[in-house]
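Just so you know, the sequences run in chain order E and A. In terms of the numbering used here, the first sequence is numbered consecutively and its last residue is 157. In terms of the numbering used here, the second sequence is numbered consecutively and its last residue is 157. Ideal Cβ placement from N, Cα and C applies to all residues, glycine included. Here the structure is a predicted model, which is why all the values come from computation and not from measurement. First comes the structure, then the notes that go with it.
There are 2 protein chains.
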Amino acid sequence: MKLMRIEDEIQQKAFKSEGHKAQINILYTANYLGVKQAAVFKPFGITLPQFNVLRILRGQHPTPATVNLLMERMLDKTSNVSRIMDKLVVKGLATRKQCPNDRRSVDILITDAGLELLKKMDVAMEKQEIGLNNLTEKEAQELNRLLDKIRD
Amino acid sequence: MKLMRIEDEIQQKAFKSEGHKAQINILYTANYLGVKQAAVFKPFGITLPQFNVLRILRGQHPTPATVNLLMERMLDKTSNVSRIMDKLVVKGLATRKQCPNDRRSVDILITDAGLELLKKMDVAMEKQEIGLNNLTEKEAQELNRLLDKIRD
DNA sequence: GTACATTTAATGTATGTACATATATTTGCA
DNA sequence: TGCAAATATATGTACATACATTAAATGTAC
Numbered sequence: 006m007k008l009m010r011i012e013d014e015i016q017q018k019a020f021k022s023e024g025h026k027a028q029i030n031i032l033y034t035a036n037y038l039g040v041k042q043a044a045v046f047k048p049f050g051i052t053l054p055q056f057n058v059l060r061i062l063r064g065q066h067p068t069p070a071t072v073n074l075l076m077e078r079m080l081d082k083t084s085n086v087s088r089i090m091d092k093l094v095v096k097g098l099a100t101r102k103q104c105p106n107d108r109r110s111v112d113i114l115i116t117d118a119g120l121e122l123l124k125k126m127d128v129a130m131e132k133q134e135i136g137l138n139n140l141t142e143k144e145a146q147e148l149n150r151l152l153d154k155i156r157d
Numbered sequence: 006m007k008l009m010r011i012e013d014e015i016q017q018k019a020f021k022s023e024g025h026k027a028q029i030n031i032l033y034t035a036n037y038l039g040v041k042q043a044a045v046f047k048p049f050g051i052t053l054p055q056f057n058v059l060r061i062l063r064g065q066h067p068t069p070a071t072v073n074l075l076m077e078r079m080l081d082k083t084s085n086v087s088r089i090m091d092k093l094v095v096k097g098l099a100t101r102k103q104c105p106n107d108r109r110s111v112d113i114l115i116t117d118a119g120l121e122l123l124k125k126m127d128v129a130m131e132k133q134e135i136g137l138n139n140l141t142e143k144e145a146q147e148l149n150r151l152l153d154k155i156r157d
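See the structure below:
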């Protein structure tokens, strides 16, 4: 498969600037990666936000997390953790109960089923090599530097 | 404001590799840019997908477009153009009528109101300088090269 | 020219985001 | 103590994505 430059992919010839082109390119590439990632998740009946929440819960385990902590750690700061939790609880991958110290909070824990699911997914994702294999180590570093600089 | 590296932003220390880090970084940066862009759009009562459809319609104008053509040109290939069109028609920014040559298709046109809205938004977006101003021309070029390579 | 496949768009359902608001609990301060 | 402000989470609504299905029109093969 031939390398497709962004202007070929979206059939737009004229960008105002390289910066403008890069902006479109980032959105486009993020979507490309998201689609690839969703395909890996689908057999496990889980979505990317749900997976992210589960990973954070595993990181805390066996200490309970709160909605607040999950919100802070999520990539998408405005994602609605309450409703993502609804799904995880229904699937039996996490539990939610009122925190005894502060009854406004909820103690959230990953279940054994959740831990097992993550373990299976780890293996699957290793095999899938979802990483950015096309880039050399140096290129990946440079990409990270440039992306960090954009958000400065 | 200090430069925040991706590992600081999401409070995750250990990435498996630079490529893995770059992957998270792309998703994170895309979201960052999306939030900035949405803020620009909000005063005009329009969303990013709606804006993208309108721009394509302007590019075709006065030739009508079809749902198919819009799908092909959209950044997000799986976006549901039918329902985005619903919103644009309600707002009076585009029209939709059966194509006489092929009655399965619909001829979609941007209205004068749609053209005026885009003109106003062009001005606003120039002022906002939503582009990636932090990067030099060379850096933006390099970023585009790396992103294109990821999708190779 | 009828039967079957393909194309084009719309619709249904589950999930998630964005944003405002609501509800319960705790904290702080007069 | 009592009451307002702050905090933690949940809910409501509009919009969008992801994916499957449907419906109508058109193309094609016999």
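Backbone CA spacing between residue i and residue j [nearest angstrom]
i: E:Ala70; j: A:Leu123; result: 45 Å
i: A:Met6; j: A:Thr100; result: The predicted position of A:Met6 is uncertain, since its pLDDT is 44 and thus under 50; a value taken from the coordinates is nonetheless stated next. When rounded, the distance between both Cα atoms is 45 Å.
i: A:Pro67; j: A:Cys104; result: 15 Å
i: A:Glu144; j: E:Ala35; result: 19 Å
i: A:Glu142; j: E:Arg10; result: 17 Å
i: A:Leu62; j: E:Lys102; result: 51 Å
i: E:Ile51; j: A:Asp157; result: 27 Å
i: A:Glu77; j: E:Val128; result: 35 Å
Cβ-Cβ separation, residue j to residue i (assumed contact under 8 Å), whole Å
i: A:Ile155; j: E:Leu140; result: 7 Å
i: A:Leu53; j: A:Gly39; result: 7 Å
i: E:Met90; j: E:Ile113; result: 7 Å
Residue i vs residue j beta-carbon contact at 8 Å
i: A:Val111; j: A:Val72; result: yes
i: A:Asn138; j: E:Gly24; result: yes
i: A:Leu75; j: A:Val95; result: no
i: A:Glu121; j: E:Glu147; result: no
Neighbouring residues, chain E, relative to residue i (Cβ below 7 Å)
i: A:Asn149; result: Ile11, Glu23, Lys26, Ala27, Asn30
i: A:Gln146; result: Glu23
i: A:Asn36; result: Leu80, Asp81
i: A:Glu142; result: Glu23
Top-ranked residue by Cα proximity to residue i, from the options
i: E:Gly119; options: E:Arg60, E:Arg10, E:Leu80, E:Tyr37; result: E:Arg60
i: A:Leu159; options: A:Leu80, A:Ala129, A:Phe56, A:Glu77; result: Residue 159 of chain A cannot be examined here, being either before or after the span of chain A that is shown, 6 to 157.
i: A:Arg150; options: E:Phe46, E:Ala129, E:Ala27, E:Glu77; result: E:Ala27
i: E:Met130; options: E:Thr116, E:Gln146, E:Asp117, E:Phe49; result: E:Phe49
i: A:Asp81; options: E:Gln146, E:Ser22, E:Tyr37; result: E:Tyr37
i: A:Thr83; options: E:Tyr33, E:Arg88, E:Val128; result: E:Tyr33
i: E:Gly97; options: E:Arg109, E:Ile115, E:Arg108; result: E:Ile115
7 Å Cβ cut-off: residues of chain A touching residue i
i: E:Leu59; result: What E:Leu59 touches in chain A: nothing, since even the nearest Cβ is about 14 Å away.
Interface residues of chain A facing residue i [CB-CB closer than 8 Å]
i: E:Gly39; result: Leu32
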